[in-house]
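Remarks on the structure that follows.
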Amino acid sequence: MISAYFSIISAFMDYKALGKSIENFFKEISDTLEGVLFYKIPIWGEGCQNFTDIFKESGCESVQQIPLVVLWLIVGGIFFTFRLNFVNLRMFRHGIDVVSGKYSKDSDPGQISHFQALSAAVSATVGLGNIAGVAFAVAIGGPGAVIWMMIAGFMGMSLKFAEVTLGQKYRTIDEDGKVQGGAFNYLERGLKELNLRRLGKFLAIIFAVACLGGAFGAGNLFQSNQSVKMLSSTFGASEQIKFIVSMMLAVCIGIVLFGGIRRIANVASKIVPFMAIIYITAAIVVLVSNYALIPDAVIAMFKGAFTDDAFKGGLIGAIIAGFQRAAFSNEAGLGSAPIAHSAAKTTEPVREGCVALLEPFIDTIVICFMTGLIITVTGVYANPGENIDGVLLTSMAFATVIDWFPYVLTLCIVLFAFSTMITWSYYGEIAWQYLFGKKLISLYHLIFVAIVFAGGVVKDAGLILGLSDMLLFTMAIPNIIGLYLLSNKISADLKSYQHKLASGKFEK
365 MISAYFSIIS AFMDYKALGK SIENFFKEIS DTLEGVLFYK IPIWGEGCQN
415 FTDIFKESGC ESVQQIPLVV LWLIVGGIFF TFRLNFVNLR MFRHGIDVVS
465 GKYSKDSDPG QISHFQALSA AVSATVGLGN IAGVAFAVAI GGPGAVIWMM
515 IAGFMGMSLK FAEVTLGQKY RTIDEDGKVQ GGAFNYLERG LKELNLRRLG
565 KFLAIIFAVA CLGGAFGAGN LFQSNQSVKM LSSTFGASEQ IKFIVSMMLA
615 VCIGIVLFGG IRRIANVASK IVPFMAIIYI TAAIVVLVSN YALIPDAVIA
665 MFKGAFTDDA FKGGLIGAII AGFQRAAFSN EAGLGSAPIA HSAAKTTEPV
715 REGCVALLEP FIDTIVICFM TGLIITVTGV YANPGENIDG VLLTSMAFAT
765 VIDWFPYVLT LCIVLFAFST MITWSYYGEI AWQYLFGKKL ISLYHLIFVA
815 IVFAGGVVKD AGLILGLSDM LLFTMAIPNI IGLYLLSNKI SADLKSYQHK
865 LASGKFEK
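Our numbering applies: residue 365 is where the sequence shown begins, and numbers increase by one.
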(Lines of atoms letter the chains of each structure in order from A and count residues from 1; the text may use other names and numbers.)
(Lines give C-alpha, C1' and ligand atoms only; values in the text may rest on other atoms or scores of the structure.)
Protein backbone atom coordinates (compact mmCIF):
# COMPACT_ATOMS: atom_id res chain seq x y z
CA MET A 1 0.00 0.00 0.00
CA ILE A 2 2.90 2.34 0.79
CA SER A 3 4.50 1.61 -2.58
CA ALA A 4 1.21 2.42 -4.31
CA TYR A 5 1.06 5.73 -2.41
CA PHE A 6 4.53 6.78 -3.60
CA SER A 7 3.69 5.78 -7.18
CA ILE A 8 0.75 8.21 -7.03
CA ILE A 9 3.05 11.04 -6.02
CA SER A 10 5.64 10.28 -8.70
CA ALA A 11 2.98 9.96 -11.40
CA PHE A 12 1.07 13.13 -10.52
CA MET A 13 1.88 14.99 -13.72
CA ASP A 14 1.25 11.94 -15.95
CA TYR A 15 -2.53 11.74 -16.35
CA LYS A 16 -2.70 8.10 -17.43
CA ALA A 17 -0.14 6.95 -14.88
CA LEU A 18 -1.90 8.93 -12.16
CA GLY A 19 -5.22 7.20 -12.80
CA LYS A 20 -3.56 3.78 -12.86
CA SER A 21 -1.62 4.46 -9.67
CA ILE A 22 -4.76 5.57 -7.81
CA GLU A 23 -6.56 2.50 -9.14
CA ASN A 24 -3.80 0.20 -7.85
CA PHE A 25 -3.94 1.97 -4.48
CA PHE A 26 -7.68 1.33 -4.16
CA LYS A 27 -7.26 -2.27 -5.36
CA GLU A 28 -4.81 -2.98 -2.54
CA ILE A 29 -7.29 -1.58 -0.03
CA SER A 30 -10.16 -3.57 -1.59
CA ASP A 31 -8.22 -6.85 -1.59
CA THR A 32 -7.22 -6.32 2.04
CA LEU A 33 -10.78 -5.64 3.22
CA GLU A 34 -12.73 -8.11 1.09
CA GLY A 35 -11.88 -11.28 3.00
CA VAL A 36 -12.84 -9.68 6.32
CA LEU A 37 -15.76 -7.37 5.54
CA PHE A 38 -17.36 -9.33 2.69
CA TYR A 39 -16.99 -12.89 3.89
CA LYS A 40 -19.20 -15.00 1.64
CA ILE A 41 -21.42 -17.83 2.84
CA PRO A 42 -22.20 -20.63 0.34
CA ILE A 43 -25.98 -21.19 0.33
CA TRP A 44 -26.77 -23.01 -2.92
CA GLY A 45 -24.93 -25.52 -5.05
CA GLU A 46 -25.77 -27.09 -8.39
CA GLY A 47 -24.76 -30.71 -8.90
CA CYS A 48 -23.79 -31.23 -5.25
CA GLN A 49 -24.08 -34.73 -3.75
CA ASN A 50 -25.10 -33.52 -0.29
CA PHE A 51 -25.55 -30.39 1.82
CA THR A 52 -22.02 -30.42 3.24
CA ASP A 53 -20.55 -30.25 -0.26
CA ILE A 54 -22.00 -26.76 -0.58
CA PHE A 55 -19.98 -25.49 2.38
CA LYS A 56 -16.88 -27.39 1.32
CA GLU A 57 -17.45 -26.11 -2.25
CA SER A 58 -16.37 -29.50 -3.57
CA GLY A 59 -18.16 -31.90 -5.90
CA CYS A 60 -20.44 -29.13 -7.20
CA GLU A 61 -20.78 -27.74 -10.69
CA SER A 62 -21.33 -24.27 -9.27
CA VAL A 63 -21.86 -22.74 -5.84
CA GLN A 64 -23.86 -19.58 -5.11
CA GLN A 65 -22.58 -17.42 -2.25
CA ILE A 66 -24.05 -14.48 -0.38
CA PRO A 67 -21.99 -11.87 1.47
CA LEU A 68 -22.56 -12.15 5.21
CA VAL A 69 -23.37 -8.46 5.56
CA VAL A 70 -26.08 -8.69 2.86
CA LEU A 71 -27.67 -11.63 4.68
CA TRP A 72 -27.46 -9.52 7.85
CA LEU A 73 -29.50 -6.76 6.18
CA ILE A 74 -32.08 -9.22 4.81
CA VAL A 75 -32.69 -10.75 8.25
CA GLY A 76 -32.88 -7.27 9.82
CA GLY A 77 -35.48 -6.11 7.32
CA ILE A 78 -37.64 -9.19 7.85
CA PHE A 79 -37.36 -8.95 11.64
CA PHE A 80 -38.45 -5.30 11.93
CA THR A 81 -41.21 -5.63 9.34
CA PHE A 82 -42.88 -8.27 11.53
CA ARG A 83 -41.73 -6.88 14.90
CA LEU A 84 -43.40 -3.54 14.14
CA ASN A 85 -46.50 -5.14 12.59
CA PHE A 86 -45.89 -3.87 9.06
CA VAL A 87 -45.36 -0.26 10.06
CA ASN A 88 -44.28 0.32 6.44
CA LEU A 89 -47.92 -0.13 5.40
CA ARG A 90 -49.82 1.15 8.44
CA MET A 91 -47.99 4.49 8.80
CA PHE A 92 -47.30 5.21 5.13
CA ARG A 93 -50.20 7.65 4.67
CA HIS A 94 -49.38 9.38 7.95
CA GLY A 95 -45.81 9.93 6.75
CA ILE A 96 -47.16 11.75 3.70
CA ASP A 97 -49.35 13.92 5.93
CA VAL A 98 -46.35 14.86 8.10
CA VAL A 99 -44.19 15.80 5.10
CA SER A 100 -47.01 17.96 3.73
CA GLY A 101 -46.83 20.01 6.93
CA LYS A 102 -50.06 18.96 8.67
CA TYR A 103 -48.32 18.34 12.00
CA SER A 104 -45.48 20.88 11.73
CA LYS A 105 -44.77 23.69 14.18
CA ASP A 106 -41.99 26.25 13.76
CA SER A 107 -41.60 26.33 17.53
CA ASP A 108 -40.63 22.64 17.69
CA PRO A 109 -36.95 22.01 18.54
CA GLY A 110 -34.67 21.32 15.60
CA GLN A 111 -33.01 23.03 12.65
CA ILE A 112 -34.86 21.96 9.50
CA SER A 113 -38.40 21.03 8.40
CA HIS A 114 -39.70 17.50 7.84
CA PHE A 115 -39.57 18.08 4.08
CA GLN A 116 -35.99 19.35 4.22
CA ALA A 117 -34.94 16.37 6.34
CA LEU A 118 -36.57 14.03 3.85
CA SER A 119 -34.92 15.86 0.94
CA ALA A 120 -31.49 15.76 2.59
CA ALA A 121 -31.78 12.04 3.31
CA VAL A 122 -33.26 11.26 -0.12
CA SER A 123 -30.48 13.26 -1.76
CA ALA A 124 -28.04 10.77 -0.24
CA THR A 125 -30.06 7.75 -1.38
CA VAL A 126 -31.58 8.87 -4.69
CA GLY A 127 -28.30 8.90 -6.53
CA LEU A 128 -26.32 6.74 -8.86
CA GLY A 129 -27.51 3.67 -6.99
CA ASN A 130 -30.81 4.23 -8.81
CA ILE A 131 -29.16 4.59 -12.21
CA ALA A 132 -25.85 2.73 -12.21
CA GLY A 133 -26.67 0.40 -9.31
CA VAL A 134 -29.80 -0.99 -10.97
CA ALA A 135 -27.85 -1.59 -14.18
CA PHE A 136 -25.21 -3.53 -12.24
CA ALA A 137 -27.99 -5.57 -10.57
CA VAL A 138 -29.65 -6.49 -13.88
CA ALA A 139 -26.30 -7.28 -15.49
CA ILE A 140 -25.41 -9.64 -12.62
CA GLY A 141 -28.77 -11.13 -11.61
CA GLY A 142 -30.93 -10.56 -14.68
CA PRO A 143 -34.30 -8.74 -14.77
CA GLY A 144 -35.47 -10.72 -11.72
CA ALA A 145 -33.05 -8.74 -9.57
CA VAL A 146 -35.32 -5.70 -9.97
CA ILE A 147 -38.19 -7.50 -8.22
CA TRP A 148 -35.90 -8.45 -5.35
CA MET A 149 -34.73 -4.85 -5.13
CA MET A 150 -38.36 -3.82 -4.65
CA ILE A 151 -38.91 -6.51 -1.99
CA ALA A 152 -35.76 -5.31 -0.24
CA GLY A 153 -37.03 -1.73 -0.48
CA PHE A 154 -40.36 -2.72 1.07
CA MET A 155 -38.67 -4.34 4.08
CA GLY A 156 -36.14 -1.53 4.21
CA MET A 157 -38.98 0.88 4.99
CA SER A 158 -39.35 -0.76 8.42
CA LEU A 159 -35.61 -0.62 9.08
CA LYS A 160 -35.51 3.04 8.11
CA PHE A 161 -38.43 3.80 10.44
CA ALA A 162 -36.71 2.05 13.36
CA GLU A 163 -33.33 3.76 13.02
CA VAL A 164 -34.69 7.26 12.40
CA THR A 165 -37.10 7.00 15.34
CA LEU A 166 -34.16 6.15 17.60
CA GLY A 167 -32.06 8.90 16.02
CA GLN A 168 -34.69 11.45 17.02
CA LYS A 169 -35.28 9.91 20.44
CA TYR A 170 -31.62 10.15 21.50
CA ARG A 171 -30.53 13.32 19.71
CA THR A 172 -28.96 16.19 21.66
CA ILE A 173 -29.40 19.93 21.09
CA ASP A 174 -26.72 22.34 22.31
CA GLU A 175 -27.16 25.88 23.62
CA ASP A 176 -26.91 27.32 20.11
CA GLY A 177 -29.73 25.10 18.90
CA LYS A 178 -27.43 22.86 16.86
CA VAL A 179 -28.53 19.24 16.74
CA GLN A 180 -26.20 16.30 17.24
CA GLY A 181 -27.79 12.99 16.31
CA GLY A 182 -27.39 9.70 14.54
CA ALA A 183 -26.61 6.10 15.30
CA PHE A 184 -23.69 7.19 17.50
CA ASN A 185 -26.18 8.64 19.98
CA TYR A 186 -28.64 5.78 20.23
CA LEU A 187 -25.90 3.17 20.31
CA GLU A 188 -24.12 4.93 23.17
CA ARG A 189 -26.99 6.51 25.11
CA GLY A 190 -29.70 3.97 24.31
CA LEU A 191 -27.65 0.93 25.27
CA LYS A 192 -26.48 2.74 28.40
CA GLU A 193 -30.12 2.76 29.53
CA LEU A 194 -30.05 -1.04 29.17
CA ASN A 195 -26.94 -1.23 31.38
CA LEU A 196 -24.81 -1.98 28.32
CA ARG A 197 -22.66 1.14 28.49
CA ARG A 198 -19.38 -0.43 27.36
CA LEU A 199 -20.99 -2.33 24.49
CA GLY A 200 -22.82 0.82 23.41
CA LYS A 201 -19.64 2.90 23.37
CA PHE A 202 -17.77 0.19 21.47
CA LEU A 203 -20.51 -0.13 18.83
CA ALA A 204 -20.74 3.66 18.49
CA ILE A 205 -17.01 3.92 17.79
CA ILE A 206 -17.13 1.05 15.27
CA PHE A 207 -20.10 2.71 13.59
CA ALA A 208 -18.34 6.09 13.40
CA VAL A 209 -15.30 4.50 11.73
CA ALA A 210 -17.57 2.62 9.33
CA CYS A 211 -19.55 5.80 8.60
CA LEU A 212 -16.34 7.54 7.58
CA GLY A 213 -15.63 4.64 5.24
CA GLY A 214 -19.15 4.89 3.81
CA ALA A 215 -18.76 8.64 3.27
CA PHE A 216 -15.44 8.16 1.48
CA GLY A 217 -16.66 5.14 -0.53
CA ALA A 218 -20.30 4.97 -1.60
CA GLY A 219 -20.94 8.63 -0.81
CA ASN A 220 -17.91 9.87 -2.68
CA LEU A 221 -15.74 7.47 -4.73
CA PHE A 222 -18.61 5.76 -6.54
CA GLN A 223 -20.46 9.02 -7.22
CA SER A 224 -17.50 10.89 -8.67
CA ASN A 225 -16.34 7.84 -10.65
CA GLN A 226 -19.67 7.28 -12.40
CA SER A 227 -20.24 11.02 -12.96
CA VAL A 228 -16.91 11.53 -14.70
CA LYS A 229 -17.34 8.27 -16.60
CA MET A 230 -20.72 9.41 -17.93
CA LEU A 231 -19.42 12.86 -18.82
CA SER A 232 -16.43 11.43 -20.67
CA SER A 233 -18.61 8.90 -22.52
CA THR A 234 -21.13 11.54 -23.59
CA PHE A 235 -18.66 14.21 -24.65
CA GLY A 236 -15.68 12.02 -25.59
CA ALA A 237 -13.30 13.49 -23.04
CA SER A 238 -9.58 12.68 -23.02
CA GLU A 239 -7.62 11.64 -19.94
CA GLN A 240 -6.55 15.25 -19.49
CA ILE A 241 -10.15 16.47 -19.61
CA LYS A 242 -11.16 13.80 -17.08
CA PHE A 243 -8.43 15.14 -14.83
CA ILE A 244 -9.78 18.69 -15.13
CA VAL A 245 -13.43 17.65 -14.68
CA SER A 246 -12.50 15.67 -11.57
CA MET A 247 -10.72 18.72 -10.17
CA MET A 248 -13.71 20.98 -10.88
CA LEU A 249 -16.10 18.52 -9.24
CA ALA A 250 -13.87 18.36 -6.16
CA VAL A 251 -13.78 22.17 -5.91
CA CYS A 252 -17.58 22.45 -6.17
CA ILE A 253 -18.04 19.88 -3.42
CA GLY A 254 -15.52 21.70 -1.25
CA ILE A 255 -17.41 24.99 -1.57
CA VAL A 256 -20.71 23.48 -0.41
CA LEU A 257 -19.09 21.20 2.18
CA PHE A 258 -18.25 24.07 4.53
CA GLY A 259 -21.91 25.10 4.81
CA GLY A 260 -23.12 22.41 7.22
CA ILE A 261 -26.57 20.83 7.40
CA ARG A 262 -28.56 24.03 6.76
CA ARG A 263 -26.82 24.71 3.45
CA ILE A 264 -26.96 21.04 2.53
CA ALA A 265 -30.68 20.91 3.32
CA ASN A 266 -31.34 24.08 1.31
CA VAL A 267 -29.41 22.80 -1.70
CA ALA A 268 -30.94 19.32 -1.47
CA SER A 269 -34.52 20.59 -1.11
CA LYS A 270 -34.07 22.45 -4.42
CA ILE A 271 -32.03 19.89 -6.36
CA VAL A 272 -33.83 16.67 -5.37
CA PRO A 273 -37.34 17.51 -6.66
CA PHE A 274 -35.88 19.05 -9.83
CA MET A 275 -33.65 16.11 -10.73
CA ALA A 276 -36.32 13.56 -9.80
CA ILE A 277 -38.83 15.24 -12.14
CA ILE A 278 -36.28 15.31 -14.98
CA TYR A 279 -35.32 11.68 -14.56
CA ILE A 280 -38.86 10.34 -14.09
CA THR A 281 -40.12 12.38 -17.07
CA ALA A 282 -37.34 11.00 -19.27
CA ALA A 283 -38.08 7.50 -18.00
CA ILE A 284 -41.78 7.86 -18.84
CA VAL A 285 -40.90 8.95 -22.39
CA VAL A 286 -38.78 5.83 -22.87
CA LEU A 287 -41.48 3.57 -21.43
CA VAL A 288 -44.28 5.16 -23.48
CA SER A 289 -42.19 4.64 -26.61
CA ASN A 290 -41.91 0.96 -25.72
CA TYR A 291 -45.37 0.54 -24.17
CA ALA A 292 -46.15 -2.60 -26.20
CA LEU A 293 -43.14 -4.37 -24.69
CA ILE A 294 -43.84 -3.46 -21.05
CA PRO A 295 -46.03 -6.52 -20.27
CA ASP A 296 -43.34 -8.88 -21.60
CA ALA A 297 -40.67 -7.03 -19.63
CA VAL A 298 -42.66 -7.29 -16.38
CA ILE A 299 -43.24 -11.01 -17.02
CA ALA A 300 -39.50 -11.45 -17.62
CA MET A 301 -38.80 -9.76 -14.28
CA PHE A 302 -41.13 -12.05 -12.34
CA LYS A 303 -39.96 -15.15 -14.20
CA GLY A 304 -36.37 -14.23 -13.43
CA ALA A 305 -37.28 -13.74 -9.78
CA PHE A 306 -39.48 -16.78 -9.08
CA THR A 307 -39.48 -19.47 -11.80
CA ASP A 308 -38.23 -23.00 -11.22
CA ASP A 309 -35.31 -22.48 -13.59
CA ALA A 310 -34.16 -19.68 -11.34
CA PHE A 311 -33.77 -22.15 -8.48
CA LYS A 312 -30.86 -23.75 -10.33
CA GLY A 313 -28.81 -20.79 -9.29
CA GLY A 314 -30.32 -17.81 -11.05
CA LEU A 315 -32.72 -17.05 -8.21
CA ILE A 316 -29.91 -16.83 -5.68
CA GLY A 317 -27.98 -14.53 -7.98
CA ALA A 318 -31.04 -12.33 -8.47
CA ILE A 319 -31.73 -12.16 -4.73
CA ILE A 320 -28.12 -11.28 -3.90
CA ALA A 321 -27.88 -8.66 -6.65
CA GLY A 322 -31.29 -7.23 -5.77
CA PHE A 323 -30.76 -6.94 -2.02
CA GLN A 324 -27.17 -5.74 -2.36
CA ARG A 325 -27.98 -2.98 -4.82
CA ALA A 326 -31.16 -2.02 -2.93
CA ALA A 327 -29.20 -1.60 0.30
CA PHE A 328 -26.60 0.46 -1.55
CA SER A 329 -29.35 2.60 -3.04
CA ASN A 330 -31.75 3.23 -0.13
CA GLU A 331 -29.28 2.76 2.78
CA ALA A 332 -31.95 1.22 5.03
CA GLY A 333 -30.34 -0.33 8.10
CA LEU A 334 -27.01 1.40 7.58
CA GLY A 335 -27.62 4.16 10.15
CA SER A 336 -26.90 7.06 7.80
CA ALA A 337 -30.40 8.59 7.55
CA PRO A 338 -30.75 9.28 11.32
CA ILE A 339 -27.99 11.87 10.99
CA ALA A 340 -30.08 14.03 8.64
CA HIS A 341 -33.44 13.30 10.27
CA SER A 342 -32.16 14.11 13.75
CA ALA A 343 -32.11 17.77 12.75
CA ALA A 344 -35.84 17.84 11.89
CA LYS A 345 -38.15 20.07 13.94
CA THR A 346 -40.36 17.79 16.00
CA THR A 347 -41.14 16.69 19.53
CA GLU A 348 -42.25 13.21 18.44
CA PRO A 349 -39.48 10.79 17.34
CA VAL A 350 -41.99 8.35 15.81
CA ARG A 351 -43.35 11.13 13.61
CA GLU A 352 -39.99 11.57 11.92
CA GLY A 353 -39.68 7.81 11.62
CA CYS A 354 -42.89 7.86 9.58
CA VAL A 355 -41.34 10.46 7.28
CA ALA A 356 -38.22 8.35 6.86
CA LEU A 357 -40.04 5.20 5.79
CA LEU A 358 -41.06 7.05 2.62
CA GLU A 359 -37.42 7.11 1.45
CA PRO A 360 -37.02 3.45 0.41
CA PHE A 361 -40.41 3.66 -1.31
CA ILE A 362 -39.37 6.68 -3.38
CA ASP A 363 -35.84 5.47 -3.95
CA THR A 364 -36.24 1.75 -4.61
CA ILE A 365 -39.87 0.85 -5.24
CA VAL A 366 -40.49 3.77 -7.63
CA ILE A 367 -37.26 5.08 -9.17
CA CYS A 368 -35.22 1.85 -9.17
CA PHE A 369 -38.16 -0.06 -10.64
CA MET A 370 -38.51 2.47 -13.46
CA THR A 371 -34.80 2.21 -14.25
CA GLY A 372 -34.90 -1.59 -14.18
CA LEU A 373 -37.99 -1.63 -16.41
CA ILE A 374 -36.27 0.64 -18.94
CA ILE A 375 -33.16 -1.57 -19.06
CA THR A 376 -35.34 -4.68 -19.44
CA VAL A 377 -37.86 -3.32 -21.94
CA THR A 378 -35.12 -2.02 -24.26
CA GLY A 379 -33.17 -5.28 -24.01
CA VAL A 380 -29.78 -3.59 -23.71
CA TYR A 381 -28.72 -5.79 -20.79
CA ALA A 382 -28.60 -8.88 -23.04
CA ASN A 383 -25.76 -7.66 -25.29
CA PRO A 384 -24.28 -4.56 -23.67
CA GLY A 385 -20.95 -4.60 -25.50
CA GLU A 386 -17.42 -4.33 -24.21
CA ASN A 387 -16.73 -2.06 -21.22
CA ILE A 388 -20.41 -1.14 -20.95
CA ASP A 389 -21.56 -1.39 -17.36
CA GLY A 390 -23.30 0.61 -14.67
CA VAL A 391 -24.30 4.07 -15.74
CA LEU A 392 -23.32 3.50 -19.39
CA LEU A 393 -25.78 0.60 -19.66
CA THR A 394 -28.61 2.84 -18.44
CA SER A 395 -27.49 5.54 -20.86
CA MET A 396 -27.60 3.03 -23.71
CA ALA A 397 -31.18 2.13 -22.76
CA PHE A 398 -32.27 5.78 -22.88
CA ALA A 399 -30.48 6.31 -26.20
CA THR A 400 -32.57 3.60 -27.89
CA VAL A 401 -35.50 6.01 -27.93
CA ILE A 402 -33.90 9.40 -28.63
CA ASP A 403 -30.21 9.64 -29.38
CA TRP A 404 -29.78 12.87 -27.42
CA PHE A 405 -31.22 11.39 -24.21
CA PRO A 406 -27.73 10.59 -22.86
CA TYR A 407 -27.15 14.35 -22.59
CA VAL A 408 -30.28 14.69 -20.43
CA LEU A 409 -29.22 11.65 -18.43
CA THR A 410 -25.76 13.13 -17.96
CA LEU A 411 -27.33 16.21 -16.35
CA CYS A 412 -29.41 13.99 -14.06
CA ILE A 413 -26.39 11.92 -13.10
CA VAL A 414 -24.27 14.94 -12.23
CA LEU A 415 -27.10 16.36 -10.09
CA PHE A 416 -27.78 13.01 -8.43
CA ALA A 417 -24.10 12.50 -7.66
CA PHE A 418 -23.57 16.06 -6.46
CA SER A 419 -26.49 15.94 -4.03
CA THR A 420 -25.39 12.54 -2.75
CA MET A 421 -21.83 13.69 -2.16
CA ILE A 422 -22.74 16.88 -0.30
CA THR A 423 -25.09 14.99 2.01
CA TRP A 424 -22.59 12.19 2.66
CA SER A 425 -19.89 14.75 3.33
CA TYR A 426 -22.02 15.96 6.24
CA TYR A 427 -22.59 12.39 7.47
CA GLY A 428 -18.85 11.79 7.44
CA GLU A 429 -18.22 15.10 9.18
CA ILE A 430 -20.49 14.13 12.08
CA ALA A 431 -18.68 10.78 12.36
CA TRP A 432 -15.31 12.55 12.28
CA GLN A 433 -16.39 14.91 15.05
CA TYR A 434 -17.57 11.99 17.16
CA LEU A 435 -14.15 10.34 16.87
CA PHE A 436 -11.78 13.31 16.86
CA GLY A 437 -13.73 16.42 17.86
CA LYS A 438 -13.89 19.63 15.85
CA LYS A 439 -10.20 20.52 15.96
CA LEU A 440 -9.19 18.43 12.94
CA ILE A 441 -12.33 18.99 10.86
CA SER A 442 -10.37 20.83 8.15
CA LEU A 443 -8.31 17.69 7.62
CA TYR A 444 -11.51 15.73 7.01
CA HIS A 445 -12.66 18.31 4.47
CA LEU A 446 -9.34 18.03 2.65
CA ILE A 447 -9.46 14.22 2.56
CA PHE A 448 -13.05 14.19 1.30
CA VAL A 449 -12.33 16.65 -1.51
CA ALA A 450 -9.19 14.71 -2.50
CA ILE A 451 -11.21 11.49 -2.76
CA VAL A 452 -13.74 13.22 -5.04
CA PHE A 453 -10.86 13.85 -7.43
CA ALA A 454 -9.38 10.36 -7.01
CA GLY A 455 -12.68 8.65 -7.79
CA GLY A 456 -13.02 10.60 -11.02
CA VAL A 457 -9.73 9.44 -12.53
CA VAL A 458 -10.13 5.68 -11.83
CA LYS A 459 -11.30 3.62 -14.82
CA ASP A 460 -12.33 0.34 -13.17
CA ALA A 461 -15.98 0.87 -12.15
CA GLY A 462 -16.25 -2.66 -10.77
CA LEU A 463 -13.37 -2.03 -8.39
CA ILE A 464 -14.94 1.20 -7.16
CA LEU A 465 -18.34 -0.45 -6.69
CA GLY A 466 -16.87 -3.37 -4.75
CA LEU A 467 -14.83 -1.13 -2.48
CA SER A 468 -17.79 1.19 -1.94
CA ASP A 469 -19.99 -1.77 -1.02
CA MET A 470 -17.56 -2.99 1.60
CA LEU A 471 -17.05 0.41 3.19
CA LEU A 472 -20.78 1.21 3.23
CA PHE A 473 -22.24 -2.09 4.38
CA THR A 474 -19.90 -2.30 7.37
CA MET A 475 -22.11 0.37 8.98
CA ALA A 476 -24.97 -2.14 9.14
CA ILE A 477 -23.20 -4.47 11.56
CA PRO A 478 -23.03 -2.25 14.68
CA ASN A 479 -26.19 -0.36 13.71
CA ILE A 480 -28.51 -3.36 13.43
CA ILE A 481 -27.08 -4.90 16.62
CA GLY A 482 -28.19 -1.71 18.37
CA LEU A 483 -31.60 -1.79 16.67
CA TYR A 484 -32.20 -5.36 17.83
CA LEU A 485 -31.30 -4.50 21.42
CA LEU A 486 -33.51 -1.39 21.39
CA SER A 487 -36.42 -2.94 19.48
CA ASN A 488 -38.66 -3.01 22.57
CA LYS A 489 -38.27 0.75 22.99
CA ILE A 490 -39.10 1.32 19.32
CA SER A 491 -42.21 -0.85 19.55
CA ALA A 492 -43.39 0.83 22.77
CA ASP A 493 -42.91 4.33 21.33
CA LEU A 494 -44.79 3.37 18.17
CA LYS A 495 -47.77 2.02 20.14
CA SER A 496 -47.85 5.13 22.34
CA TYR A 497 -47.75 7.44 19.31
CA GLN A 498 -50.50 5.53 17.51
CA HIS A 499 -52.70 5.74 20.61
CA LYS A 500 -52.21 9.53 20.78
CA LEU A 501 -52.87 9.86 17.06
CA ALA A 502 -56.07 7.81 17.24
CA SER A 503 -57.34 9.79 20.23
CA GLY A 504 -56.86 13.11 18.42
CA LYS A 505 -54.18 14.53 20.72
CA PHE A 506 -52.12 15.86 17.81
CA GLU A 507 -53.21 19.07 16.12
CA LYS A 508 -53.04 19.24 12.34
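Glycine included, each C-beta is placed from N, C-alpha and C at the ideal position.
Spatial neighbours of T331 within its chain, please: CB distance less than 8 Å, with the 5 preceding and 5 following residues excluded, ordered by chain position. Only positions 365 to 872 of the chain appear in the structure, and residue 331 is not among them; the question remains open.
Determine the extent of the alpha helix (DSSP H) in which V719 is found, giving its start and end residues. P713 to A720
Cα-Cα separation, L807 to D540: 24 Å
What's the call for T645, buried or exposed, on a 16-neighbour Cβ count within 10 Å? Burial call: exposed.
Under a three-way DSSP split, which group does P507 fall into? Here P507 sits in coil by DSSP.
May I ask which residues mark the beginning and end of the alpha helix (DSSP H) holding Y771? In this chain, the alpha helix (DSSP H) harbouring Y771 covers F769 to F800.
Under 8 Å: do the segment 693-712 and the segment 527-545 share three or more Cβ pairs, one atom per stretch? yes
Would you call the segment 606-617 and the segment 845-852 in contact, with 3 or more CB pairs under 8 Å? no
List in chain order: all unbroken beta strand (DSSP E) runs of 3+ residues lying wholly within the segment 439-465. none
So is F525 buried or exposed if we call it buried at 16+ other beta carbons inside 10 Å? buried
Is A708 helix, strand or coil when you go by DSSP? strand
Quick one: is T711 buried, meaning 16 or more other Cβ sit within 10 Å of its Cβ, or exposed? exposed
So, for G819: in the same chain, excluding its five sequence neighbours on each side, which residues have a beta-carbon less than 8 Å away from its beta-carbon? N584, L585, F586, Q587, S588, N589, V592, S610 and I828
Inter-residue Cα distance where the pair is V714 and M455: 10 Å
Is A669 near G508, with beta carbons less than 9 Å apart? yes
Spatial neighbours of V719 within its chain, please: CB distance less than 8 Å, with the 5 preceding and 5 following residues excluded, ordered by chain position. G459, V462, V463, H478, A481, L482, V528, H705 and A708
For S867, which residues from the same chain have a beta carbon less than 8 Å from its beta carbon, with the 5 sequence-adjacent residues on both sides left out? none
Inter-stretch contact (C-beta, 8 Å, three-pair minimum) for the segment 719-728 and the segment 689-696: yes
Give the straight-line distance between the Cα atoms of G577 and F817, rounded to the nearest whole angstrom. 16 Å
Grouping DSSP H, G and I as helix and E and B as strand, with all else coil, what is T838? coil
Report buried or exposed for P473, applying the criterion of at least 16 other Cβ atoms within 10 angstroms of its Cβ. exposed
Identify every residue that forms a DSSP beta bridge with P431. According to DSSP, P431 bridges with K404.
Residue interval of the alpha helix (DSSP H) (run including R562): R561 to F580
Run the CB neighbour count on F446, radius 10 Å, all protein chains shown included, and call it buried at 16 or more, exposed below. exposed
G801 to G717 span [Cα, whole Å]: 28 Å
If you compare alpha carbons, which of G830, G517, K404 and L850 is closest to I442? G517
Please say whether K404 and L432 have beta carbons closer to each other than 9 Å? yes
Who does T536 pair with in a DSSP beta bridge? Q544
The alpha helix (DSSP H) enclosing P473, as first and last residue numbers: No alpha helix (DSSP H) holds P473; DSSP gives it neither H nor E.
So the alpha helix (DSSP H) N584 belongs to, where does it begin and stop? That residue, N584, is in no alpha helix (DSSP H); it is neither H nor E in DSSP.
Counted within 10 angstroms of its Cβ, other Cβ atoms place M612 as buried (16 or more) or exposed: exposed
Does V822 come out as helix, strand or coil in the three-state DSSP assignment? In this structure, V822 counts as coil in the three-state DSSP scheme.
Skipping 5 residues on each side, what residues in its chain have a beta carbon closer than 6 Å to that of A568? Here the set comprises F548, L551 and E552.
Here's the rule: buried if 16 or more other CB atoms are within 10 angstroms of the residue's CB, otherwise exposed. What is A661? buried
Looking at the structure shown, is Y746 part of a helix, part of a strand, or coil, going by DSSP? What sits at residue 746 in the sequence shown is Ala, not Tyr. Of the three classes helix, strand and coil, the one that applies to A746 here is coil, per DSSP.
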